[in-house]
């Protein structure tokens, strides 16, 4: 698990394009399998369509991903947001490593399709997830079974997300496991493996 976290840190220290690819992966994951999303992103990188392809070309790589039309549009929108007038990717310029909560809020408020879960997932996957929780259905079910929350909410408003994240942080502190490691532990317990 700690090795995987080191790999995430390496992604965050790599190129602008690699960090952007990770953001696109996280945009694709809602209601889709992570392995399928990763394959799609890698396919776009190989084809050269992640950084330069139009929506029709991006769509060709999104087979097996739910809501692929919407997600293709969101990838294009994100690319436009993070590409400077000279055509260079500048996503890392928007990430404030000293203010992760503020960075997460900025991501949620400025990237279509990115909620708190996806923004937290992205930050974790680039090595900046020590202060945030990825509250997906797997984690929420585990938190309920551990008595951290009473029920799995049907929807997560920002207020509810922050409330549950705070409870998870306190629980992690009480049992002596860093939040980021608890997140991976609960995920692997539910899915049987640690992917990303």
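Numbering (our numbering), first residue to last: -14 to 181. Even for Gly, the Cβ is constructed at its ideal location relative to N, Cα and C. A quick note: this is a predicted structure, and the numbers were derived from the prediction, not measured.
Asked                                                                                                                    : Found
Less than 9 Å between the beta carbons of residue 32 and residue 17, yes or no?                                          : no
At 3 residues or longer, and completely inside the region -3 to 31: list those beta strand (DSSP E) runs for me, N to C. : none
Please state the DSSP three-state secondary structure of residue 99.                                                     : coil
Are there 16 or more other CB atoms within 10 angstroms of the CB of residue 105, so buried, or fewer, so exposed?       : buried
Hey, residue 7 and residue 107 are a contact pair by Cβ (cut 8 Å); roughly how many whole angstroms apart?               : 6 Å
In terms of alpha-carbon separation, which member of 86, 94, 55 lies closest to residue 66?                              : 94
Comparing C-alpha positions only, which one of 20, 90, 111, 59 sits nearest to residue -6?                               : 111
Would you mind sorting residue 4 into buried or exposed? The rule is 16 or more other CB atoms within 10 Å of its CB.    : buried
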